Amino acid sequence: MIVVVAKFKVKLGKKAELLAVAKDLIAATRQETGCISYSLLEDPYVENSFSFIEEWSDKAVLQSHFTTPHIAEWQQKSADLRDGQTVLTIYQAEETKL
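With numbering that gives the first Met the number 0, the residue at position 4 of the sequence shown is 3, and numbering never jumps.
This is how it looks when you write it as structure tokens:
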């Protein structure tokens with residue numbers, strides 16, 4: 000399994016707009032083959048800081064995700080709403096039950 004953490008900040012006053020754009024991205028992404036989970040979380044301790052937390056079956060489906068129309072649409076629509084670059088961290092993981 001591949002786990003992605005994509006961290007970014009939102010410009011002041013743009014949170015509601017960004018969440019509306021993200022809603023469409025999340026809905027489309029969750030329908031992709033190989034998407035195990037895809038969520039957007041807000042950091043309650045760092046103002047305007049968000050992270051996409053993603054789980055994918057393998058690296059090939061993640062690479063395919065990056066080329067989808069909904070990712071292109073997200074990049075275009077969110078560009079003026081995000082503050083700075085998005086930082087991706089990608090992990091190879093395995094599920095463990097505790």
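For glycine and all other residues, C-beta sits at the position ideal for the given N, C-alpha and C.
Here the structure is a predicted model, which is why all the values come from computation and not from measurement.
Check, Outcome
"Compare the C-alpha of L18 against each of T88, H64, W73 and S36 and name the closest.", "W73"
"Would you decide whether F65 is buried or exposed? Buried here means 16 or more other CB atoms lie within 10 Å of its CB.", "exposed"
"State the start and end residues of the unbroken beta strand (DSSP E) segment that holds E98.", "Nothing about residue 98 can be read from this structure; the chain reaches only from 0 to 97."
"Go through its chain and collect everything with a Cβ distance to I35's Cβ below 7 Å, but skip five positions before and after it.", "M0, E54, W55 and S56"
"Using a Cβ-Cβ cutoff of less than 6 Å, which residues in the same chain neighbour V2 once the five nearest sequence positions on both sides are dropped?", "E54, Y90 and A92"
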